[in-house]
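Have a look at the structure below before the remarks.
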Amino acid sequence: MSRRLIAASLSFGIDLVRHLRYFVVVADELHFGRAAARLHMAQPPLSQRIQRLERELGTRLFDRTSRQVALTPAGRDLLGPAHDVLEAVDRLVAQATTTARGTTGRLRVGVLPEVGAATLATVVRTVERRRPGLVVELAPATTVEQLRALTDRSLDLATVRLPVEHGALVVGPTLHQHLGVALPAGSPLARRRRVPVAGLDDLPLALCPRASAPGFHDELLAACAARGYVPAAVHHPGGTAGALALALAGTAATFVDEATARREPGVTWRPLDGEPLVARIAVVWPSARGGGPAVRAVADALAEALCRDAGTVAAGAMPPVVHVRPASGVLT
Amino acid sequence: MTATLAVDRDIARALGRAQVTGWLHVVDIDRGHDLALGADEPVALASVFKLPVLVALHRAADAGELDLTERLHLAAADRTPGVTGLAALHDDADLSLRDLAQLMITVSDNAAADAVLGRLGLAAVARTIDLLGLRHTAVEHSCRATHAALADDLRREGLSLARALADPAVLARLRVLDPASTNRSTPRDMTALLAAVWRDDAASPQACAAMRDVLRLQVWPHRLSSGFPGDDVLVAGKTGTLPPLRSEVGVVELPGGRRFAAAVFTRSHRASFSDPAADAAIGAAARLAVDHLAR
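In the order they appear, the protein sequences are chains A and B. Mapping the first sequence onto the working numbering, position 311 (from 1) lands on 650, and the numbers just tick up by one. Mapping the second sequence onto the working numbering, position 130 (from 1) lands on 124, and the numbers just tick up by one.
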């Protein structure tokens, strides 16, 4: 760090880390009331602290009207670096805690990149509360990257989109995420309360790259086809943000859960008409390395946080519809 | 050597694209050279177990222990249920043992299979397996017993099979999918059994010819057969289905007379009863192997 930057960071008149945490939570919720509730504080002091942070940074982070809160372009630019700082601080604190206690209770946990920071924070807090001394290192990565990392032992647990080859895995808590469609606010489809999948017609589909979760990718396309939607083209932007960008631009349809869509200003989310499209997410770990109580605790904390914050429900909450054909019947 | 690696890779790709794990053995019946991919791994047979039952039935007939034209009365209420053949029919029926065997093979009729097995006895099937030297094969359960084990396990889990299919953790606990606790074999044992039928070694030449005829009448076009669409190719076989398991063992006879026994077993990563990609991958994998061996 240059001398000038050190001087700049020392010149802040506020607890920068604390204020950045307020910033990312408000950016996540885009609602001061909800953000304050999550931060266990009242709304007025939260608003004051965001204003204070804006003064210190010399730029407005949010546009506030009486009806809604939106990130300014500057706010959007600063959100990534804010997350970087907070992650670095978390790592530092985790390392210090471990060093101080002399414990090696550390689990490296893969998480899907589209899972929000707030959800992950809930996981960390829950684990801290239930198993003091156990340090959770979160690593955002795609399903395939996480499975590879389990194999080469750089992860202990993974959060993956099913289906995956599960021969060598213990499949822990499994969650279902109901998908809806993300639309630009002006889209004629957005006028409908529920959108039929077949109604997407000849719109191209934006979908995570096949290489990131081939099982999920193919299953989703098959489910679309079964509902009468065969996209004219399939775009593979990197990540959920890219897919939402194409949806916002009106150049492609994309399927996301409601919680993810709500985090993106300008996106209108509509549930699907007819048989639901369901994404399945599971916490898995290698059967060879066993799942001790620490692994179970983290898996449960992940599942609970995803259920609460990411619009998922525990698997089994919905009965599947099955018409068995002779050629696929049991014992044919 | 390089060619073998290339075909192995192509087969692995075909299976991977269909999202299945596969175990296969394909062998040239007359020359003996073969292609193996997990060929000695234990696999659950599902309905493929009806093939050793067919062979045991014909050996029993050869030995004069029963007459293939002997008629059995199958009351509708006592029949093993299923989705094809007598198992799906409504009324009482009287059929000869060989016609029941034909339904058992051609449409995988569970009621017919259990009737044949009931007349024959599991011990006779075990003797046939032993005499033919199939050291990794065991047939210990009827269709009814397999259904019951599945129903027991699902009751314990409190789930329907459709629900269980979506939950890999539950699937891992189902006994009917675990080779150790259900009818089992290996791809190599199954090609050995087929080769014996095609070489007239499994029973008398007349019995082997009858078995080949029946196996060529199997109705399913979606697995092995899908890999060999030419009108000049003969495909005979027996499928096995117990989602997520799908398999077929059979013989492919090419124009010019070369014959290959193929046993392809798959386990799908998808949670659905209908899985056309997995079905087709069985044909695609066998085709790649046969093309390689037939060069």
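From the three backbone atoms N, C-alpha and C, an ideal C-beta is built for every residue, glycine too. Remember, it's a predicted structure, so these values are computed and weren't measured experimentally.
9 Å Cβ cutoff, residue i in contact with chain A
i	result
residue 94 (chain B)	no
residue 302 (chain B)	Only positions -5 to 289 of chain B appear in this structure, which leaves residue 302 (chain B) out of reach.
residue 235 (chain B)	yes
residue 278 (chain B)	no
residue -5 (chain B)	Note that residue -5 (chain B) scores a pLDDT of 46, beneath 50, so its modelled location is shaky and nothing firm can be said.
residue 247 (chain B)	no
residue 6 (chain B)	no
residue 111 (chain B)	no
residue 101 (chain B)	yes
residue 82 (chain B)	yes
residue 174 (chain B)	no
residue 288 (chain B)	no
residue 144 (chain B)	yes
residue 189 (chain B)	no
residue 166 (chain B)	yes
Residues that residue i contacts on chain A, provided the C-beta gap is smaller than 8 Å
i	result
residue 263 (chain B)	502, 503, 504, 505, 554
residue 15 (chain B)	504, 506
residue 41 (chain B)	670, 671
Cross-chain neighbours of residue i in chain B, by beta carbon under 7 Å
i	result
residue 665 (chain A)	77, 78
residue 661 (chain A)	156, 267
Closer than 9 Å to chain B by CB, residue i
i	result
residue 557 (chain A)	yes
residue 511 (chain A)	yes
residue 633 (chain A)	no
residue 621 (chain A)	yes
residue 440 (chain A)	Confidence in residue 440 (chain A) is poor, its pLDDT being 49 and thus under 50, which makes the residue's placement too unreliable to answer from.
Separation of residue j from residue i, as counted between CA atoms
i	j	result
residue 513 (chain A)	residue 457 (chain A)	20 Å
residue 142 (chain B)	residue 276 (chain B)	28 Å
residue 455 (chain A)	residue 111 (chain B)	58 Å
residue 20 (chain B)	residue 31 (chain B)	9 Å
residue 164 (chain B)	residue 158 (chain B)	6 Å
residue 12 (chain B)	residue 144 (chain B)	26 Å
residue 441 (chain A)	residue 645 (chain A)	Caution applies to residue 441 (chain A), whose pLDDT of 39 falls short of 50 and renders its modelled position unreliable; the value that the coordinates give is listed next. Rounded to whole angstroms, residue 441 (chain A) to residue 645 (chain A) spans 31 Å at the Cα level.
residue 449 (chain A)	residue 467 (chain A)	17 Å
residue 176 (chain B)	residue 135 (chain B)	7 Å
residue 44 (chain B)	residue 282 (chain B)	26 Å
residue 83 (chain B)	residue 225 (chain B)	32 Å
residue 614 (chain A)	residue 150 (chain B)	29 Å
residue 523 (chain A)	residue 416 (chain A)	22 Å
residue 98 (chain B)	residue 232 (chain B)	10 Å
residue 153 (chain B)	residue 661 (chain A)	13 Å
residue 100 (chain B)	residue 253 (chain B)	21 Å
residue 206 (chain B)	residue 617 (chain A)	45 Å
residue 161 (chain B)	residue 265 (chain B)	8 Å
residue 444 (chain A)	residue 472 (chain A)	6 Å
residue 131 (chain B)	residue 18 (chain B)	15 Å
residue 227 (chain B)	residue 248 (chain B)	5 Å
residue 28 (chain B)	residue 287 (chain B)	7 Å
Under 7 Å by beta carbon: chain A residues contacting residue i
i	result
residue 104 (chain B)	670
residue 214 (chain B)	666
residue 274 (chain B)	In chain order: nothing, as chain A lies at least about 12 Å away.
residue 137 (chain B)	670
Distance cut-off 8 Å: residue i Cβ against heavy atoms of the ligand NAD
i	result
residue 55 (chain B)	For the structure depicted, the ligand NAD is absent and the ligand set is empty, with no information on it obtainable.
From the options, residue whose alpha carbon lies closest to that of residue i
i	options	result
residue 603 (chain A)	A:619, A:625, A:521, A:611	A:521
residue 378 (chain A)	A:473, A:361, A:615	A:361
residue 91 (chain B)	B:127, B:126, B:132, B:49	B:49
residue 73 (chain B)	B:60, B:96, B:88, B:181	B:88
residue 4 (chain B)	B:194, B:278, B:184, B:199	B:278
residue 627 (chain A)	A:598, A:568, A:411, A:495	A:495
residue 195 (chain B)	B:18, B:117, B:23, B:113	B:23
residue 506 (chain A)	B:2, B:16, B:-1, B:8	B:16
residue 477 (chain A)	A:464, A:418, A:367	A:464
Listed by chain order, chain A residues near residue i by CB distance under 9 Å
i	result
residue 140 (chain B)	669, 670
Residue-chain proximity (residue i, chain D), Cβ-Cβ < 9 Å
i	result
residue 50 (chain B)	The chain labelled as chain D is not found among the protein chains of the depicted structure, namely A and B.
| query | Do the segment 102 to 110 of chain B and the segment 77 to 87 of chain B meet, that is, are 3 or more Cβ pairs less than 8 Å apart? | reply | In this structure the segment 102 to 110 of chain B touches the segment 77 to 87 of chain B; the number of beta carbon pairs closer than 8 Å is three or more.
| At a cut of 8 Å, does the segment 48 to 62 of chain B reach the segment 210 to 229 of chain B through at least three beta carbon pairs? | Taking a cut-off of 8 Å on C-beta distances, the segment 48 to 62 of chain B does not touch the segment 210 to 229 of chain B, as fewer than three cross pairs fall below it.
| Do the segment 474 to 485 of chain A and the segment 533 to 552 of chain A meet, that is, are 3 or more Cβ pairs less than 8 Å apart? | Under the 8 Å Cβ criterion, the segment 474 to 485 of chain A counts as touching the segment 533 to 552 of chain A, having at least three qualifying pairs.
| query | Can you find at least 3 beta carbon pairs, one from the segment 485 to 499 of chain A and one from the segment 562 to 569 of chain A, that sit closer than 8 Å? | reply | Too few Cβ pairs lie closer than 8 Å, so no.
| How about the segment 588 to 597 of chain A and the segment 493 to 500 of chain A: do they share at least three Cβ pairs that are nearer than 8 Å? | By the C-beta criterion, the segment 588 to 597 of chain A is judged not to be in contact with the segment 493 to 500 of chain A, since fewer than 3 inter-stretch pairs fall below 8 Å.
| said: Tell me whether the segment 383 to 392 of chain A and the segment 576 to 588 of chain A touch, counting them as touching only if at least three CB pairs, one residue from each stretch, are closer than 8 Å. | reply: No: fewer than three Cβ pairs fall under 8 Å.
| field | Three-pair Cβ contact test at 8 Å for the segment 64 to 76 of chain B versus the segment 198 to 215 of chain B | value | Touching, no.
| said: Any contact between the segment 253 to 262 of chain B and the segment 180 to 198 of chain B? By contact I mean 3 or more CB pairs, one from each, below 8 Å. | reply: As far as the Cβ criterion goes, the segment 253 to 262 of chain B touches the segment 180 to 198 of chain B, which means the pair count is three or higher.
| Validate contact between the segment 425 to 434 of chain A and the segment 394 to 406 of chain A using beta carbons, cut 8 Å, 3 pairs | The answer is no - the segment 394 to 406 of chain A does not touch the segment 425 to 434 of chain A, with fewer than three Cβ pairs under 8 Å.
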